[in-house]
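Student: Chain order of the listed sequences is W and H. Letter by letter, the first sequence follows residues 43 to 292 in the numbering used here. Letter by letter, the second sequence follows residues 16 to 171 in the numbering used here.
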Amino acid sequence: MATRLQFDKRHYRSVGSTNDIARNLADEGCFEGVVVTADEQIQGRGRTGASWSSPVGNLYQSLVLRPKVSPSIAGQLSFVTSLALHQAITSLLPEQDCLCKWPNDVLCDGAKIAGILLESKLHPSGSLNWIIIGMGVNVAHKPSEAPYRVVKVNELTGGASISTDELHSEFLRAFAALYASWLDFGFSGIRRLWLERAKGLGQPVRVRLPKEERHGLFGGIDENGALVLQYGDGTEDLISAGAVFYDLED
Amino acid sequence: MAKFDVSEDLLQKLAKVLKEAELTEIEYEVDGAHIRMSKAVEQVPMMQAPMQMASAPVAAAPALPASVVAEATNTAASSGHTVTSPMVGTAYQSPDPSKPAFIKVGDSVKEGQTLLIIEAMKVMNPLPSPVSGTVTEIIYNDGSPVEFGQPLLVIE
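And the structure:
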């Protein structure tokens, strides 16, 4: 059985990005479980280099992992991470309607509440050196302009306030359990949990790829986490990178 | 739970058999895991991992040492190292669309230097060069899907 992940928390007031700090620590050889948090990020980033608004009051964290697995399955950690965040939010806000969106978004009332981006480093031989899970959660603030609907934790609490520390502790607790399960028993259990919480199964979606957009039905995910896009003629595609839009509400 | 232990040693032994027996193709199967190695000039070297791999991280194969495969399979093609994709994903030539490409044909690269990024399930995987040398060929298209084991570029 895998040893339970032990966290080593490093908090900063202001950083360029928590991923930058975590990457340096990982390259210096830090242990798995080092987790960098910051009050604010000056240069928070999202997918394809998009900036991620990072004022004081939200949660910013980067977690260093060194799982002894093939890099070909590291993408499964996206689902481990979003499930852990889903679990953290719903344990603090049990009444909330929260769902997962491929590959690693968590939606509350249909709006995006966090951004999760993972980054790996491989040895020249091809084996996995480290993987860093970067995550920003809208707790006290949300972006004023975004190309999708956004929400913050503290507008879902009915007036109560949830601290970033409280949310982060819940996240780490959930993550440690799900990560151990993934290491010990593989992806099938994680996949099942994720599909039970996935938004829009069997419904029309658009998937924006680097050079085109495809329309089809969201047919779930395969054994490795790739999105199954089903077409009217009975064929399907497996998508490993792209942005998903739910046709019915956008 | 099927185990699939692809060691560098195993690949080198297979390559030796392939070369010494003057075969064009060799297949090796154990515990449900299957490797096919060929040295036909037109043929792409394939590593076929069993489906169990996806659901069993601990028992999963260690990463495929790209340089070893290239040495094993390119004996008839060229002296270069064919860098292959260690995963299914989407390949990008630059860190983001506004930035220049990591490398271009003719560039000298050092072992460990980033050649491209492969994105899979929102994990960004910069691919380090397995060897030092000169980039002689880039085989993939920017922003296009790549398969496990697919040749991406050649370094001589």
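Beta carbons: idealized from backbone N, C-alpha and C, even for Gly. What you are looking at is a predicted structure, and each value in this text was computed from that prediction instead of being measured.
Determine whether the Cβ of ALA116 (chain H) lies closer than 9 Å to any Cβ atom of chain W.
Tutor: no
Student: Which residues of chain H have a Cβ atom closer than 7 Å to the Cβ of PRO145 (chain W), listed in chain order?
Tutor: MET136 and LYS137
Student: Would GLU278 (chain W) and LEU271 (chain W) be called neighbours here (beta carbons separated by less than 9 Å)?
Tutor: yes
Student: Quick one: what's got a C-beta closer than 7 Å to TYR221 (chain W)'s C-beta in the same chain, skipping five residues either side?
Tutor: LEU47 and VAL122
Student: Could you spell out the range, first to last residue, of the beta strand (DSSP E) harbouring ASN61 (chain W)?
Tutor: Counting along the chain, ASN61 (chain W) falls outside any beta strand (DSSP E), though it belongs to the alpha helix (DSSP H) covering 60-69.
Student: Between the C-alpha atoms of SER104 (chain W) and VAL150 (chain H), what's the straight-line distance to the nearest angstrom?
Tutor: 34 Å
Student: In the DSSP output, which residue or residues are listed as bridge partners for ILE299 (chain W)?
Tutor: Past the edges of chain W, shown from 43 to 292, lies residue 299 (chain W), and the structure says nothing about it.
Student: Looking only at C-alpha atoms, which of H:GLU162, H:ALA106 and H:GLY148 sits nearest to LEU131 (chain H)?
Tutor: H:ALA106
Student: So, MET136 (chain H) versus PRO113 (chain W), is the Cβ gap smaller than 9 Å?
Tutor: no
Student: Can you tell me whether HIS53 (chain W) is buried or exposed? The criterion is at least 16 other CB atoms within 10 Å of its CB, across all chains shown.
Tutor: exposed
Student: Looking at ILE155 (chain W) and CYS140 (chain W), is the spacing between their C-beta atoms short of 9 Å?
Tutor: Against a cut-off of 9 Å, the Cβ pair of ILE155 (chain W) and CYS140 (chain W) comes out as a contact.
Student: Within the continuous alpha helix (DSSP H) that includes ALA135 (chain H), where are the two ends?
Tutor: In the DSSP assignment, ALA135 (chain H) falls outside any alpha helix (DSSP H) and within the unbroken beta strand (DSSP E) covering 129-135.
Student: For PHE287 (chain W), tell me which candidate among W:PRO109, W:LEU251, W:ALA64 and W:LEU119 has the shortest Cα-Cα distance.
Tutor: Ranking W:PRO109, W:LEU251, W:ALA64 and W:LEU119 by Cα distance to PHE287 (chain W) puts W:LEU251 first.
Student: For a test of the three-state rule: what should DSSP assign to ASP52 (chain W), helix, strand or coil?
Tutor: The sequence given here places Arg at residue 52 (chain W); Asp does not occur at that position. Of the three classes helix, strand and coil, the one that applies to ARG52 (chain W) here is strand, per DSSP.
Student: Can you check which of these residues, W:SER120, W:PHE213, W:LEU101 and W:HIS183, is closest to THR132 (chain W) by C-alpha distance?
Tutor: W:PHE213
Student: In chain order, what residues of the same chain have a beta carbon less than 8 Å from the beta carbon of LEU237 (chain W), not counting five sequence neighbours either side?
Tutor: LEU243, GLY262 and ILE263
Student: So, are the CB atoms of HIS128 (chain W) and ARG248 (chain W) less than 9 Å apart?
Tutor: no
Student: If you check the beta carbons only, do LEU101 (chain W) and HIS210 (chain W) fall under 9 Å apart?
Tutor: Yes, the pair counts as a contact, with Cβ atoms nearer than the cut-off.
Student: What separation, rounded to the nearest whole angstrom, lies between the Cα atoms of PRO77 (chain H) and PHE163 (chain H)?
Tutor: Confidence in PRO77 (chain H) is poor, its pLDDT being 41 and thus under 50, which makes the residue's placement unreliable; the coordinate value appears in the next sentence. Their Cα atoms are separated by approximately 14 Å.
Student: At a Cβ cut of 9 Å, what residues of the segment 101-127 of chain H count as close to chain W, listed as they run along the chain?
Tutor: So the list reads PRO101, MET102, VAL103, GLY104, THR105, TYR107, PRO110, ASP111, PRO112, SER113, LYS114, GLU126 and GLY127, given in the order they occur along the chain.
Student: Using three-state DSSP, classify THR123 (chain W) as helix, strand or coil.
Tutor: For THR123 (chain W), the three-state secondary structure derived from DSSP is helix.
Student: Check the Cβ-Cβ distances between PRO166 (chain H) and every residue of chain W, and say whether any is below 9 Å.
Tutor: Taking Cβ atoms only, chain W never reaches closer than 9 Å to PRO166 (chain H), which makes this a no.
Student: What residues of chain W sit near GLY158 (chain H), judged by a beta carbon separation below 7 Å?
Tutor: PRO252 and LYS253
Student: Grouping DSSP H, G and I as helix and E and B as strand, with all else coil, what is PRO77 (chain H)?
Tutor: A caution first: PRO77 (chain H) carries a pLDDT of 41, below 50, which makes its placement in the model unreliable, though a value can still be read off. In the structure shown, PRO77 (chain H) sits in coil (DSSP, three-state: anything other than H, G, I, E or B).
Student: Helix, strand or coil: how does DSSP classify ILE170 (chain H) here?
Tutor: strand
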